[in-house]
Structure formats: structure tokens, C-alpha cells
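Below you'll find the structure, written out as C-alpha cells, and then a few comments.
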Amino acid sequence: MFSSYLIHQEFKKVVSSCAIGQTKELTIIEGRESTPVPTRRGAQARGPKRKATQRTGRRGGRRQQMQARAREKDVEFFPPEEAEPPGKGRRILLCSYLADWLERKASDCGSEPGQAHHLAREVGISVENPVAVCVSPLGIPPPPATNMATSFLVDSPNVKYTQEFIEAKYTYGTVQVCQENGVTKVKPTSTDLTFRTGLRVPKLGVMLVGWGGNNGTTVTAAVLANRLGLSWMTKRGQKHANYYGSLLQASTVCLGTGPSGDVYIPFHDMLPMVHPNDIVFDGWDISSMNLADAMRRAEVLDWPLQEQLRPYMVGLKPRPSIYIPEFIAANQEERADNVLTGSRTEQMARIRHDIQDFKNSSGVEKVIVLWTANTERFCEIHSGVNDTASNLLQAIEAGREVSPSTLFAVASILEGCTYINGSPQNTFVPGVIELAIQQGVFIAGDDFKSGQTKLKSVLVDFLISSGIKPVSIVSYNHLGNNDGRNLSAPAQFRAKEISKSNVVDDMVKSNPILYGPGEQPDHCVVIKYLPYIGDSKRALDEYTSEIALGGTNTIVIHNVCEDSLLAAPIILDLVILAELCQRIQVGIGDSEPERLHSTLSLLSFLCKAPLVPKGAPVVNALFRQRAAIENLFRACVGLPPQNHMQLEYRTQRSWSYAKQGHSPVPPAWLATPKKAAPHMNGFVDPIESNGLPDSSAHSHSLK
Numbered sequence: 008m009f010s011s012y013l014i015h016q017e018f019k020k021v022v023s024s025c026a027i028g029q030t031k032e033l034t035i036i037e038g039r040e041s042t043p044v045p046t047r048r049g050a051q052a053r054g055p056k057r058k059a060t061q062r063t064g065r066r067g068g069r070r071q072q073m074q075a076r077a078r079e080k081d082v083e084f085f086p087p088e089e090a091e092p093p094g095k096g097r098r099i100l101l102c103s104y105l106a107d108w109l110e111r112k113a114s115d116c117g118s119e120p121g122q123a124h125h126l127a128r129e130v131g132i133s134v135e136n137p138v139a140v141c142v143s144p145l146g147i148p149p150p151p152a153t154n155m156a157t158s159f160l161v162d163s164p165n166v167k168y169t170q171e172f173i174e175a176k177y178t179y180g181t182v183q184v185c186q187e188n189g190v191t192k193v194k195p196t197s198t199d200l201t202f203r204t205g206l207r208v209p210k211l212g213v214m215l216v217g218w219g220g221n222n223g224t225t226v227t228a229a230v231l232a233n234r235l236g237l238s239w240m241t242k243r244g245q246k247h248a249n250y251y252g253s254l255l256q257a258s259t260v261c262l263g264t265g266p267s268g269d270v271y272i273p274f275h276d277m278l279p280m281v282h283p284n285d286i287v288f289d290g291w292d293i294s295s296m297n298l299a300d301a302m303r304r305a306e307v308l309d310w311p312l313q314e315q316l317r318p319y320m321v322g323l324k325p326r327p328s329i330y331i332p333e334f335i336a337a338n339q340e341e342r343a344d345n346v347l348t349g350s351r352t353e354q355m356a357r358i359r360h361d362i363q364d365f366k367n368s369s370g371v372e373k374v375i376v377l378w379t380a381n382t383e384r385f386c387e388i389h390s391g392v393n394d395t396a397s398n399l400l401q402a403i404e405a406g407r408e409v410s411p412s413t414l415f416a417v418a419s420i421l422e423g424c425t426y427i428n429g430s431p432q433n434t435f436v437p438g439v440i441e442l443a444i445q446q447g448v449f450i451a452g453d454d455f456k457s458g459q460t461k462l463k464s465v466l467v468d469f470l471i472s473s474g475i476k477p478v479s480i481v482s483y484n485h486l487g488n489n490d491g492r493n494l495s496a497p498a499q500f501r502a503k504e505i506s507k508s509n510v511v512d513d514m515v516k517s518n519p520i521l522y523g524p525g526e527q528p529d530h531c532v533v534i535k536y537l538p539y540i541g542d543s544k545r546a547l548d549e550y551t552s553e554i555a556l557g558g559t560n561t562i563v564i565h566n567v568c569e570d571s572l573l574a575a576p577i578i579l580d581l582v583i584l585a586e587l588c589q590r591i592q593v594g595i596g597d598s599e600p601e602r603l604h605s606t607l608s609l610l611s612f613l614c615k616a617p618l619v620p621k622g623a624p625v626v627n628a629l630f631r632q633r634a635a636i637e638n639l640f641r642a643c644v645g646l647p648p649q650n651h652m653q654l655e656y657r658t659q660r661s662w663s664y665a666k667q668g669h670s671p672v673p674p675a676w677l678a679t680p681k682k683a684a685p686h687m688n689g690f691v692d693p694i695e696s697n698g699l700p701d702s703s704a705h706s707h708s709l710k
């Protein structure tokens, strides 16, 4: 437990690396006119290069300039010469990473999440919500890395920062193609849009259907391990908790180009978003086993890690869930000791009550419900039963056939909670989709895209984009977890087979040179249950393709997928992206910005069978899906889409930096020599030999 004094001293060390000011807007305390935004001390300002003595912000004239600017702007400059923390009642504005640092110290002191304000007042400062900057959510600023940015401000007249929003004027360009009198006419078009993104990140609660299953226990354990900063020993050495496998937490995007090349930023720093460590979990399961025992039953995590997590998970117990035996495999009955009774209406009312109870008892501001339970069989679409929202609600009251996942979806929508389907069944019957649109609630799915299918969506895209024609795709799987056991039943397997088979459809349709009307590759999917394998799924794929002059090419891949460890980061990405999308509004022309469509197709990167609005194209190609997320984020902060043309490097003269006062890019940059190669049977000094395999290379060294 940390004392107030120790926190006080630690805060001095952390905050001493920043120049922080506050007026009605944020202001860089610079020795010149500046743009509203907080900045880390030492960040290079735009404009002519400053002298080295000016970059520290703590040497002589530089400090006086900053203090003078602070007096002119009627703001307070921190830290002062003596580097003392501000006294009680003095207001400063914290950068995101400092606010998060205080959150972590509040947690260390036993406070509930979201109580940093109380700790801040004890230390003697007042914390405001950070705006106008996106920085790393990790507690202490990360060490500097080459070409890696941890915060940024868009310098554009089309971007406006306020205490509540980032608002960006954006021109969206598309191309319309039509046929007139046998002539293909192509017309570039543009639409003026306004993106408005809320900056306040709420306290997020996530309720998992199937919380006691492999995925539910693993994602809960992952967040706890990261929150606690756990490490443990394995036969390969010491391991540390991380979020590898998460698009948002473990990947980067190119922000732009600088004098030293492309500049990257963590994906989660593009916009303010929930950090996984701050998510609060709850949920339902047909098994009453507490999460510590369920984690042990799943056999996913290393034993030393389970031992550390057990005290934190033994008290977590799923709420009773809906169990309708005919929708899942009969072999699941032995686990079903924690089920709701009563009519369909009563069961759905209990789910709604559980959501309300969780929200009230945990203090979360938003709740997202995600299905990670067993795969169900497909539900038939019947006119008058589930074809419209009103018919579906009447069917539930009448006790007609409605799947458990659909009951959870309806309950979530009526409670105003985003619902995500992580399994392949057709939860989103037409009545559910219509109800979500009526209620203005997001829905997303279907089926986590984690291992074999993700690889397939990349490989087939690569082959077809290269002019190679896949004609046979065979995917074989065997696994031994409870998902595999449930899928051993024919009806449940059929739902998964459809989900895994449709992943190549849009890529095939994109190339009429290779495929004629109605032509498809032969595609076979096999899934077998093998208990001994456990959660470590084996996936074997064979891709046979036609190449030039009647030749064939065959690729065979053996893929070992630790199923739940791949799925857990995807669950986090899904709920964090869904929450962020609730804060994004888009206005067309001069109209007031409004929320995105209820069918949240932006999450298709994470789903095998993407749910899209009626009439919208279904995209399965992985890199197109990722580009959609990245470019929407860029649009929200007024940046153009990433086009990868790199024309500044493909012409004889680079104009990008020359017009900003920088020297032209040297010609040598445009033709970078290849890296040195090692000797074929040993190592050769690459500087002395220039990568050549014998000593005669010395005479060929570059001058």
C-alpha cells in the first residue's frame, strides 16, 4: 500500500517530464505563439529548428521564455524551478498518461477504478479530463523509440479540439462506375463530411455469455494478469503479461512521414479509447463453476500463472444462463447446473435485470454484452415469428422457437447495450436487426476470426491478387476443448462450416478474369473432436491453384492454434472498438452529425462472417478490413486515408519536406543499398566486406 507522501514524491518525478498549462483551452507553454494542446517537454515545435539549449525547457533563457508566455496567457507553469508539486487548490491539466498513472496508484491504495480524482485531491492537485491529445494509456511514459510517436496533434484548420469532442471536416472521395450505351463511364465524386468524436472515455463493463468457458476465463485472466503486472516461469524462461494478438494494443499504424521516414503510432493512440486493464467483467454460464476452477478445467494457462490468479478469480461466479437443450449438442447437458427456469419472457426479463444489477453494483457507465458460449444450430426464419421486431417480441411472449443467443440479443438491445455475437449461428434474425435499428443500439458479429480462417482470408487474397487461381481449398481441424466437443454434433458443425466456407467469396467475385459467372473453388471444411489435444487446435490446409500454361501450385500449411489465447485479445478489441464507435458521429454536408449504422460492420476484421447493413458489400479480405478501421480513425482526426503511393520517394525530387523549409531528400535515400549478406559458411564483417563472401570484397567498399 502506498502512502500519500510516497505518491506525492513519485508524482513529482513523473510530472517533472512535462510542461503543463491550463486556460479555458489547452496551451503549449512555448517561447512563441503556439497551438492549443498539452505537450511533453522536449517535443520539437513546428517551424525552424531550435538550438539544442532550447530543447530542454529547463535551461536559462528557455525557462524564462516559457514562464513569460505563461504570464501572458494567464496560466500556471509547472514544474517551477524548485520542482515542487502544486499546492492544494491549484489546478493543472494532466496528460492522459499522468491521469492513468494516478488511476494505477489509486488502485494500489485499494481504491476502486475511476477514483483517481480522490487520490489527486489527497496529493493536492485537481485532475481534469485530458483533451486534444492522444497518448499511451500505459501508466509511465514509454521510453522513446525510433520513428514512434506517443502523442500527436493535427495541425489543420479543418480540425477543432474542444473539451468534449474532436471535430474534423473531411472530404470523402469515391468513384462511381456505370454503363451507358455500352460505354463504361467512371466518375470521381466527393462528399463533405463532419466527424465528431467524443473524448470522454467511460468506465466500461463487459458481460460475457459463456463467462465460465475457455474464452471467458482466458480473457478475464488476461486482463487481471496485465492489471497486476504478473510474470511467471515456464520451461522457456520467464514470461510477462501482455496483450499480444490484440489489433489495438499490440499493433501500430503509420501516422505520416518525417525526415527519417515513416512515423508510427500505437493503434490505440489514434483516438481516446478504453484500456483493457480498466474493463470490469461479469456474465452468465450454464455451469456454476467459479472462474478459478473453470480456468483450471480449461487447461489453457500455465500452472504458475493460474496459481497467481486463483485468489482473484475464485470469487467470480457466473450468473444463471438460458439453456434450451435442442440448440446445442446433447453432450453439454452434464455442465448445465446453473440455468434459468420459467417462460421465455421470464428468462429474458431476468437477463435484463442482471444487466441493470451489474451496471448499478459495479458503477460502470456502459455495458457491452458479448456471446462467447457454445455454437448453436441455425434457427429457421419464419414469417410471423422472427421476420420483424414486433413479430419476434410476440413470438417470445408466446413461447415460440427462439434461440438463447437471440434472447440475449433482444434483452441487451432493450437495455440499450451493444450486443456482439462471437459464434457462427444466425443470432441476428431479421427481427433482431430491425429491433436494433429501432432502438438505436449497435450489433456486431459473427464468429471470432482468430486462427485458420484469418490465415485463409490473407492467403486467398494474396493468391487471387497475384493472378493465381485457387481451385481447391481443403481445411481440416481437430481440437479437444469444449468448443470442439459441442461442434462434434452435426447441426452445430454445420453452422461453423458455413461461417468458415464463406470467407473467400468476395475475393473470388473480385476477379472475373480467373473465375467465370457462378464459378467457385472446391472448398471443404472438416472439424474433429480429439480430447487429448485440448485447447491447442491443429489446422491443416491445402491450397491447390492453377498457374501459367496449365501448371498447378500446391501450398500445404500445418497451423497449431492455441484457440482461447488467440480469441481473448479479439474479444477485447471487439468491445473496445464497439465502445469507441458509440462516441463517433458523422454528418453529411451541413447536417448535424449522427451515430453510425446499428449494424457495426467496421468490426468485420475480427469476425469470420461479417454482419453488414442490408445492401452493403461483404468484405472478407483481411487487409481491406484493417484499412477500413485505420482510415476511419484517420478521418476522425482530419487525416487523409493511407494510400501507400509514396510519391515523394518515387520521383526524382521529393517535395514533401522541401516546401516546409527542410533540405531535399538526398538522392542516396532514393536508392538504398541492400543490406550486407553473411558469408555462406560463417560470418563476415559487413562493413569491411560489404557483404561479399571473400576478402577481395574490401576493394569494393562503398566510398
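Under our numbering, the residues of the sequence shown are numbered 8 to 710, in order. Glycine included, every Cβ here is placed at the ideal spot set by N, Cα and C.
Through-space distance from residue j to residue i, alpha-carbon basis
i    : j    : result
V182 : T191 : 12 Å
A585 : H275 : 13 Å
Q589 : P195 : 31 Å
F365 : G236 : 26 Å
I554 : S258 : 34 Å
V371 : L211 : 6 Å
P311 : M214 : 27 Å
Q527 : V467 : 12 Å
E569 : A232 : 18 Å
C102 : N284 : Bear in mind that a pLDDT of 41 at C102, under 50, signals an unreliable position, so the model cannot answer this.
V582 : N188 : 49 Å
Y656 : L262 : 17 Å
R326 : L254 : 30 Å
V184 : P624 : 16 Å
E341 : A418 : 26 Å
K167 : E549 : 52 Å
S430 : L421 : 21 Å
V510 : R234 : 35 Å
G220 : R303 : 11 Å
V260 : R351 : 46 Å
Closer than 9 Å to chain B by CB, residue i
i    : result
W218 : This model lacks chain B altogether; it includes just one protein chain.
Cutoff 6 Å; reference residue i; Cβ partners in own chain excluding five residues on either side
i    : result
Y330 : I293, A343, V346
S295 : D344, N345
V216 : W291, W378, A380, F415
I578 : V226
Helix, strand or coil at residue i according to DSSP, with G and I counted as helix
i    : result
M514 : helix
P319 : Correcting the residue identity first, residue 319 is Tyr in this sequence and not Pro. Helix at Y319.
R303 : helix
S479 : strand
Q527 : coil
K621 : coil
S267 : coil
G487 : coil
A546 : strand
G121 : Any answer about G121 is weak, because its pLDDT of 48 lies below 50 and its placement is not dependable; what the coordinates show is given next. It is coil, neither helix nor strand.
C261 : strand
G474 : coil
Q313 : helix
F288 : strand
C614 : strand
From the options, residue whose alpha carbon lies closest to that of residue i
i    : options                : result
D454 : F288, E569, W378       : W378
V465 : L629, A405, V582       : L629
V208 : L607, I562, Q170, T606 : Q170
I595 : L235, A175, G558       : A175
N484 : Q653, E408, G349, P538 : P538
K5   : V478, Y179, D309, G265 : No answer is possible for residue 5: it lies beyond the span of the chain, which begins at 8 and ends at 710.
G452 : S197, N433, N367       : N433
Same chain, Cβ closer than 8 Å to residue i, five either side skipped, listed in chain order
i    : result
C531 : I480, V481, S482
Y177 : N165, D199, L200, T201, F202, A642, G645
Contact belief for residue i with residue j at Cβ below 8 Å, rounded distance in angstroms
i    : j    : result
I358 : F415 : 6 Å
L609 : L639 : 6 Å
L521 : K476 : 4 Å
Residue i: CB within 8 Å of a non-hydrogen atom of the ligand NAP
i    : result
V193 : In terms of ligand content, the structure shown is empty, and the ligand NAP therefore cannot be addressed.
7 Å CB neighbourhood of residue i in its chain, flanking five on each side removed
i    : result
R317 : A299
Q592 : R203, P600, E601, R602
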